[in-house]
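Numbering (the working numbering), first residue to last: 5 to 339.
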């Protein structure tokens, strides 16, 4: 049986996979590990004017997409659920006439990112705070962290709920992502410690192209967080140095407003991870791989000094002249 990949598309609750198939020129689904909402782009042939006429997709319409793979080598039959999206941008161009529909993860157009608020919380953990915000917007919460010490006080001042959560997550080394009707907060180092889901081995037929990059500019061996301790009435600092850190190199110094030495320790790790996480990066173009999902790990072998475990930061799945996956990776830090 010949391997085959096809797009299954549900538009406003109706399966239009068969109707759209003769017009489909390309489809791209981009999956992000954090910081950005997933997106979907579909380009349709429109020489008959159908998609710019009676079948013109309404902005705000809900779309669900899936890539279905049949007889996909050793993987057999499997599918990739791309999730739920809202149509956000439509372009008609030519010649030849085409219509391009862009859609974003369905929850990103809510007030969570646009409404500015002023309020205060006291004696609350990040999970509790995020859970409350998620509930306010009709969302569920996924939270994964090895510790969640309570804040004495959190102030939201002319910030959207999403901006507030992004600020708090950055200080504690958590990733923030919006996916469908879910708010996702997770600790990067926990996910980087998980087992790789597959191996990319040099010379394998599934690898179309590859590249690696490593840099030393703005890469640090340690991080020192300095803060004023009101009880001691003096400047206090904490330095975090990873076990595998080089003996020489720059130390990142951060002046912060933290409430305790424990919070300074957490922030020192978070700041060093943020600064160093892109020290070693890679990109792979692959024969379509539904297992390549942002937030998962892969093992890289046969590339010499670049071998190791890598975290998938971004995965772009494209249908058109075949099914391809472009993955952007970064080497895990180990702390």
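A virtual CB, placed ideally from N, CA and C, is assigned to each residue, including glycine.
Short of 6 Å in beta carbon distance, which residues of its chain neighbour residue 34, apart from the five on each side in sequence? Order them along the chain.
Against the chain shown, residue 34 aligns to sequence position 30. For residue 34, where only same-chain residues beyond five positions count, the Cβ hits under 6 Å are 43, 320.
Going by C-alpha to C-alpha distance, which of 330, 213, 293 sits closest to residue 201?
Locating residue 201 in the chain shown gives position 197, where the first residue counts as 1. Residue 201 has its Cα closest to that of 293, out of 330, 213, 293.
In its own chain, which residues sit with a C-beta less than 6 Å from the C-beta of residue 126, not counting the 5 before and 5 after it?
Your numbering for residue 126 matches position 122 in the chain shown. Answer for residue 126: 157, listed in chain order.
Quickly, what does DSSP pair residue 7 with across the bridge? List them, please.
Your numbering for residue 7 matches position 3 in the chain shown. Residue 7 pairs with nothing; no bridge assigned.
Less than 9 Å separating the beta-carbons of residue 204 and residue 305?
Locating residue 204 in the chain shown gives position 200, counting from the first residue. Locating residue 305 in the chain shown gives position 301, counting from the first residue. Yes.
I need the straight-line Cα distance from residue 308 to residue 206, nearest angstrom please.
Indexing the chain shown from 1 puts residue 308 at position 304. Indexing the chain shown from 1 puts residue 206 at position 202. In a straight line, the C-alpha of residue 308 is about 10 Å away from that of residue 206.
Ignoring anything shorter than 4 residues or poking outside the segment 191-228, list the alpha helix (DSSP H) runs there in chain order.
Correct list: 192-196.
My output table needs one value for residue 237: the three-state DSSP class, helix, strand or coil.
The residue labelled residue 237 in the question sits at position 233 within the chain shown. Residue 237: coil per DSSP, three-state reduction.
Please go through the same chain and pick out, in chain order, the residues whose beta-carbon is closer than 6 Å to the beta-carbon of residue 317, but skip the five residues on each side of it.
Here the question's residue 317 lines up with position 313 in the chain shown. So the list reads 37, 332, 334, once near-sequence residues are dropped.
Count the other CB atoms, across all protein chains shown, that sit within 10 Å of the CB of residue 232; report buried if there are 16 or more and exposed otherwise.
Within the chain shown, numbered from 1, the residue matching residue 232 stands at position 228. Under this definition residue 232 is an exposed residue.
Beta-carbon within less than 8 Å of residue 65's beta-carbon, same chain only, minus the 5 sequence neighbours each way: which residues are those?
Your numbering for residue 65 matches position 61 in the chain shown. Contacts found: 15, 16, 90, 91.
Within a Cβ cutoff of 6 Å, which residues of the same chain sit near residue 24, ignoring the five residues on either side of it in sequence?
For this step, residue 24 is matched to residue 20 along the chain shown. If we look at residue 24 and ignore the five residues flanking it on each side, its Cβ neighbours are 13.
Suppose you measure from the CA of residue 211 to the CA of residue 289; what does that come to, to the nearest Å?
Here residue 211 is taken as the residue at index 207 of the chain shown, counted from 1. Here residue 289 is taken as the residue at index 285 of the chain shown, counted from 1. Answer to the nearest angstrom: the Cα atoms are 6 Å apart.
Examine the Cβ distances between the segment 276-286 and the segment 64-79 and report whether three or more of them are shorter than 8 Å.
Contact fails: fewer than three Cβ-Cβ distances are below 8 Å.
From 339, 276, 93, pick the residue whose C-alpha is nearest to that of residue 174; which is it?
Locating residue 174 in the chain shown gives position 170, counting from the first residue. Measuring from the Cα of residue 174, the nearest candidate turns out to be 276.
Just to confirm, are residue 338 and residue 270 a CB contact at a threshold of 9 Å?
Numbered from 1 along the chain shown, position 334 holds the residue referred to as residue 338. Numbered from 1 along the chain shown, position 266 holds the residue referred to as residue 270. No; because the gap between Cβ atoms is not below 9 Å, this pair is not in contact.
Measure the CB-CB distance between residue 146 and residue 187 and report whether it falls below 9 Å.
Within the chain shown, residue 146 is the residue found at index 142, counting from 1. Within the chain shown, residue 187 is the residue found at index 183, counting from 1. Yes, Cβ-Cβ distance for residue 146 and residue 187 is below 9 Å.
Let me know if residue 161 comes out buried or exposed under the rule of 16 or more other beta-carbons within 10 Å of its beta-carbon.
Along the chain shown, read from residue 1 onward, the residue named residue 161 stands at position 157. So residue 161 counts as exposed.
With which residues is residue 280 paired in a DSSP beta bridge?
For the purposes of this step, residue 280 is taken as the residue at position 276 of the chain shown. Paired residue(s): none; residue 280 is not in a bridge.
How would you call residue 50, buried or exposed, if buried means at least 16 neighbouring beta carbons within 10 angstroms?
Within the chain shown, the letter at position 46 stands for residue 50. Residue 50 comes out buried.
Measure from the alpha carbon of residue 124 to the alpha carbon of each residue in 300, 11, 165, then state which is nearest.
Taking the first residue of the chain shown as 1, we reach residue 124 at position 120. Of the listed residues, the one whose Cα sits closest to residue 124 is 165.
Does the Cβ-Cβ distance between residue 134 and residue 189 come in under 9 Å?
Taking the chain shown and counting its residues from 1, one reaches residue 134 at position 130. Taking the chain shown and counting its residues from 1, one reaches residue 189 at position 185. Against a cut-off of 9 Å, the Cβ pair of residue 189 and residue 134 comes out as a contact.
Shortest alpha-carbon distance to residue 6 belongs to which of 78, 52, 30, 19?
Walking along the chain shown from the start, residue 6 turns up at place 2. Selected option, being the one with the closest Cα: 78.
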